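Numbering (this note's numbering), first residue to last: 58 to 343.
Think of the CB as a built atom: it goes at the ideal place given N, C-alpha and C, for glycine as much as any other residue.
A quick note: this is a predicted structure, and the numbers were derived from the prediction, not measured.
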């Protein structure tokens with residue numbers, strides 16, 4: 058069975074980033090001022106939001122070569138998923154240079170790109186063609202996708218009539234229906250009923266083995282050590298380390314410990330300041 062989906066598999070896959078950054082615009086409301094509720098209302102109605110930019114990624118530089126399995130390591134909100142979306146092409150860097158050679162397979166949001174009003178059959182075509190698979194090839198894959206998702210008997214049902222678990226199964230079956238050069242994962246798959254999860258993990262292992270490059274964001278250190286040879290530590294949108302996985306995990310542990318120590322010191326400082334203020338308040342009241 059042809060697992061390429063009509064895509065050309067390259068001989069030398071790589072991902073190269075040089076000082077990439079991502080700034081996204083947002084609109085900040087000016088502070089509302091008014092001497093009364095009417096003044097506040099008028100201020101809210103006439104205030105003009107100001108355009109600002111939030112930096113989600115900054116100065117990220119790395120080379121990932123064929124054969125690399127890289128774990129993105131960092132706390133929640135560090136920028137791991139944002140970086141994965143840049144690597145998939147969903148976000149374009151606003152600074153720097155990014156080069157990707159090889160076809161990409163992303164397991165980030167399994168329901169992305171679905172049309173709730175469409176049938177399962179129609180959504181398979183929609184998602185598969187969006188992945189770059191020729192329509193003629195999709196026709197030969199529909200049956201296998203429905204069988205894997207265990208939804209063949211619902212092929213002509215509208216997607217919105219399915220449960221969230223059924224939609225997840227369909228999304229996974231489509232996303233992993235072909236083999237790509239580069240696999241990008243946001244956490245290891247583990248949702249759904251036990252029987253399907255076992256089958257899905259088996260396919261995922263096969264796809265990982267068949268990929269030339271794997272990049273996975275995960276909080277599971279055991280998985281990272283087992284699957285990956287390299288680790289990239291992301292902190293507040295910045296890449297602070299890339300290298301052997303054991304060193305990356307040690308660096309991340311150091312960052313976590315330093316942040317905990319800083320928070321503890323700040324809390325102790327506030328408590329001490331409060332204790333110093335208390336006698337002054339008592340003296341003033343006596």
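Go to residue i, then tell me how far its beta strand (DSSP E) extends in each direction, as first and last residue.
i, result
"residue 181", "Looking at the DSSP string, residue 181 is not in any beta strand (DSSP E); the run it does join, the alpha helix (DSSP H), is 177-187."
"residue 164", "161-164"
"residue 243", "239-243"
"residue 288", "287-292"
"residue 272", "270-274"
With distances taken between CB atoms, is the gap from residue i to residue j smaller than 7 Å?
i, j, result
"residue 228", "residue 177", "no"
"residue 241", "residue 129", "no"
"residue 189", "residue 70", "no"
"residue 180", "residue 217", "no"
"residue 75", "residue 161", "no"
"residue 82", "residue 119", "no"
"residue 117", "residue 287", "no"
Please go through the same chain and pick out, in chain order, the residues whose beta-carbon is closer than 8 Å to the beta-carbon of residue i, but skip the five residues on each side of it.
i, result
"residue 148", "79, 139 and 142"
"residue 220", "none"
"residue 313", "132"
"residue 285", "126, 127, 128, 271, 273 and 302"
Once the 5 residues before and after residue i are set aside, which same chain residues still bring their CB inside 7 Å of it?
i, result
"residue 58", "No answer about residue 58 holds up, because its pLDDT of 46 lies below 50 and its placement is not dependable."
"residue 213", "176 and 178"
"residue 3", "For residue 3 there is no data in the structure shown, the boundaries of the chain being 58 and 343."
Which two residues bound the contiguous alpha helix (DSSP H) that contains residue i?
i, result
"residue 259", "251-267"
"residue 296", "Unbroken run through residue 296 is the beta strand (DSSP E), 295-301; no alpha helix (DSSP H)."
"residue 193", "192-206"
"residue 229", "221-232"
"residue 278", "278-284"
Suppose the cutoff is 6 Å on Cβ atoms and the five residues either side in sequence are ignored; what does the same chain contact list for residue i look like?
i, result
"residue 233", "260 and 264"
"residue 203", "209 and 212"
"residue 135", "291 and 292"
"residue 152", "78"
"residue 137", "129, 131, 274 and 291"
Worksheet item: With contact counted as at least three CB pairs below 8 Å, one residue from each stretch, are the segment 292-299 and the segment 266-279 in contact?
Response: no
Discussion item. Report the start-end ranges of each beta strand (DSSP E) in the segment 72-153 that is 3 residues or longer and not cut off at the edges.
Written reply: 107-122 and 126-130
Worksheet item: Does the segment 195-208 come within contact of the segment 273-285, defined as at least 3 CB pairs closer than 8 Å?
Response: no
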